[in-house]
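Below is one structure, written out as structure tokens; the observations come after it.
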Amino acid sequence: MKSPLALLALLAPVVLSPLAAHAQSAPAPAAASAPAETPPAPPALEPFKATYEAFYKGKQAGSANMDVVQGQGRQWRMDLAVRGERGFAGILGMNLEQSTVFENDDGHYRPLSQSTVRKGLFLGKKVTGAYDWSAHVARWSGDLKKDRTQPVPLQDGDLSALLINLAIMRDARPGRTMHYRFVDGGRTREHVYQVAEQTEIVPVGDLSYDAMRVSRTNGGKNETILWVANGVPTPIRILQREDGEDRVDLRLVEYTGN
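Quick note on numbering: numbering that gives the first Met the number 0 labels position 195 of the sequence shown as 194, and the sequence is numbered without any gaps.
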């Protein structure tokens, strides 16, 4: 089972540029066109805690927590913990802890270190990684294949799995296509996400949210879909599907600011 991706951040509203008007009479002074409006910058990243119900193959299986905390200066930390508490979820490895320490430079995220711990009856796995931006190289160690412990060249803008989700929340606008380079676990991949043109109503418990659907379009048989709502500092829902079937499904229960 693929690791669930966590997504956090605040979402800015969309501002459309006005259409320029055309003059309809001949010799008249040209009117100055109104300047195009620039979409506002996303709200600043703020610490928070979020709690989710976790479903596996459509059945309630446990819970999850997502935390974003601020450290010294520009340094932040993002954590995701998914706990399988019912049925076979724990046995099958639905016990996951992910963490990324990163720099937040005015909304630009740069990973510094990353760790993943997976627990289950038949498996146990721990992987840690360090992003050396002075040498532009990342390295991972732990329970990995040998080829994934080799140095990975870094490019400006590279992100860990968790930080891709923060970037999605920062960048999402209706109809927008977003490209990110995933560098995590000794691998690099290009991730492409598409935001739906229209928002949709997403029920969560006793509440409903007008949310944007964001889908990864180049994941092959593995789909990642998330719903994000303006003003909510965490995803409303995160769904992973494999071969057309629901696998891991996280649904928001509550969130609080730190």
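Idealized CB from N, CA, C, for every residue including glycine.
Predicted model only: the values in this text are computed from it and were never measured.
Do the region 217 to 234 and the region 176 to 187 meet, that is, are 3 or more Cβ pairs less than 8 angstroms apart? For the pair of segments examined, the region 217 to 234 was found not to touch the region 176 to 187: the number of CB pairs separated by less than 8 angstroms stays below three.
Cα-Cα, which of Thr198, Asn164, Glu199, Glu102 is closest to Val191? The residue you call residue 191 lines up with position 192 of the sequence shown. For Val191, the nearest C-alpha among the options comes from Asn164.
How many angstroms separate the CA atom of Ala228 from the CA atom of Ala171? The residue given as residue 228 occupies position 229 in the sequence shown. The residue given as residue 171 occupies position 172 in the sequence shown. So the two alpha carbons sit approximately 10 angstroms from each other.
With DSSP as the reference, label Trp226 as helix, strand or coil. As a first step, residue 226 is located in the sequence shown; it is residue number 227 there, counting from the start. Strand.
Rounded to the nearest angstrom, what separates Tyr130 and Glu189 at their Cα positions? In the sequence shown, counting from the first residue as 1, residue 130 sits at position 131. In the sequence shown, counting from the first residue as 1, residue 189 sits at position 190. When the Cα atoms are used, Tyr130 and Glu189 turn out to be separated by approximately 18 angstroms.
Taking the alpha carbon of Gly243 as the point to measure from, which residue in Thr255, Val203, Val81, Glu222 has its own alpha carbon closest? Residue mapping note: residue 243 aligns to position 244 of the sequence shown, counting from 1. Ranking the options by Cα distance to Gly243, first place goes to Glu222.
Arg250 in three-state terms, based on DSSP: Taking the sequence shown and counting its residues from 1, one reaches residue 250 at position 251. Residue state, collapsed to three classes: strand.
Ordered along the chain, which non-local residues of its own chain (more than five positions away) have a Cβ less than 7 angstroms from that of Pro110? Along the sequence shown, one-based indexing puts residue 110 at 111. Cβ neighbours of Pro110 within its own chain (closer than 7 angstroms, five residues either side excluded): Thr99, Phe101, Tyr130, Leu158, Ser159, Leu162.
Please state whether DSSP places Ile167 in a helix, a strand or coil. For the purposes of this step, residue 167 is taken as the residue at position 168 of the sequence shown. The answer is helix: DSSP assigns Ile167 an H, G or I state.
Status (buried if at least 16 other CB within 10 Å, exposed otherwise) for Pro150: Residue mapping note: residue 150 aligns to position 151 of the sequence shown, counting from 1. Burial call: exposed.
To the nearest angstrom, how far is the alpha carbon of Glu196 from that of Gly57? Taking the sequence shown and counting its residues from 1, one reaches residue 196 at position 197. Taking the sequence shown and counting its residues from 1, one reaches residue 57 at position 58. Across the structure, Glu196 and Gly57 are spaced so that their CA atoms are roughly 27 angstroms apart.
Kindly list the residues whose CB is nearer than 7 angstroms to the CB of His21, restricted to its own chain and excluding five residues on each side of it in sequence; keep chain order. The count along the sequence shown starts at 1 and reaches residue 21 at position 22. In this prediction, His21 has a pLDDT of 30, which is less than 50 and means its spatial position is unreliable; what the coordinates show is noted afterwards. Same-chain partners within the cutoff: there are none.
Out of Ile167, Arg240, Arg186, Leu251, point me to the one whose CA is closest to Val201's CA. For this step, residue 201 is matched to residue 202 along the sequence shown. Considering only Ile167, Arg240, Arg186, Leu251, the residue with the shortest C-alpha distance to Val201 is Leu251.
Neighbour-count burial assignment, Arg212, 16 or more Cβ in a 10 Å radius: By 1-based counting over the sequence shown, the position of residue 212 is 213. Its Cβ being crowded by 16 or more others within 10 Å, Arg212 is buried.
Alpha carbon to alpha carbon, how far is Arg82 from Ser62? To locate residue 82, count along the sequence shown from 1; it is residue 83. To locate residue 62, count along the sequence shown from 1; it is residue 63. Each residue's alpha carbon lies about 5 angstroms from the other.
Collapsed DSSP secondary structure at Asp146 in the structure displayed: For the purposes of this step, residue 146 is identified with residue 147 of the sequence shown, where counting begins at 1. In the three-state DSSP reduction, Asp146 falls in the helix class (H, G or I).
Ignoring anything shorter than 3 residues or poking outside the region 62 to 136, list the beta strand (DSSP E) runs there in chain order. If we require 3 residues or more, the beta strand (DSSP E) runs fully inside the region 62 to 136 come out as 74 to 83, 94 to 104, 107 to 119, 122 to 131.
Relative to the C-alpha of Arg236, which residue among Leu249, Arg76, Gly185 is closest? As a position in the sequence shown, residue 236 is number 237, starting the count at 1. Selection Leu249, Arg76, Gly185 evaluated against Arg236 yields Leu249 as nearest (Cα-Cα).
Hey, quick one: how far does the beta strand (DSSP E) through Arg265 stretch, first residue to last? The displayed coordinates of the chain run from 0 to 257. Any statement about residue 265 would go beyond what the structure contains.
Out of Ser112, Leu95, Glu84, state which residue places its alpha-carbon closest to the alpha-carbon of Trp132. Residue 132 sits at position 133 when you count from the first residue of the sequence shown. The shortest C-alpha separation from Trp132 is found at Ser112.
Using a threshold of 8 angstroms, state whether the C-beta atoms of Gln69 and Pro46 are closer than that. As a position in the sequence shown, residue 69 is number 70, starting the count at 1. As a position in the sequence shown, residue 46 is number 47, starting the count at 1. Yes, the Cβ-Cβ distance between Gln69 and Pro46 is below 8 angstroms.
In whole angstroms, what separates the C-alpha of Ser24 from that of Arg175? Along the sequence shown, read from residue 1 onward, the residue named residue 24 stands at position 25. Along the sequence shown, read from residue 1 onward, the residue named residue 175 stands at position 176. Any reading at Ser24 must be qualified, since the residue scores a pLDDT of 31, below 50, and its modelled position is unreliable; no value is offered.
Top-ranked residue by Cα proximity to Ala80, from His135, Gln97, Thr187: Looking up residue 80 in the sequence shown gives position 81. Taking the Cα of Ala80 as reference, the smallest distance to any Cα among His135, Gln97, Thr187 is reached at Gln97.
Own chain residues within Cβ distance below 7 angstroms of Asp209, not counting five before or after: Here residue 209 refers to the residue found at position 210 when the sequence shown is read from its first residue. Result list for Asp209: Thr198, Ile200, Ala228, in chain order.
Starting from Asp209, follow its DSSP beta bridges and name the residues at the other end. Numbered from its first residue, the sequence shown carries residue 209 at position 210. DSSP output for Asp209 lists Ile200 as bridge partner(s).
With H, G and I counted as helix, E and B as strand and the rest as coil, what does DSSP make of Ala31? In the sequence shown, residue 31 corresponds to position 32, counting from 1. Model confidence at Ala31 stands at a pLDDT of 48, short of 50, so the residue's coordinates are unreliable; what they give is reported in the following sentence. If DSSP states are grouped into helix, strand and coil, Ala31 belongs with coil.
Residues near Gly230 by beta carbon distance below 6 angstroms, same chain, minus five either side: In the sequence shown, residue 230 corresponds to position 231, counting from 1. Counting only Cβ-Cβ distances below 6 angstroms, and skipping sequence neighbours, we find nothing.
Along the chain, where does the beta strand (DSSP E) containing Gln52 start, and where does it finish? Locating residue 52 in the sequence shown gives position 53, where the first residue counts as 1. For the record, residue 52 in the displayed sequence is Glu; it is not Gln. First-last of the beta strand (DSSP E) with Glu52: 47 to 55.
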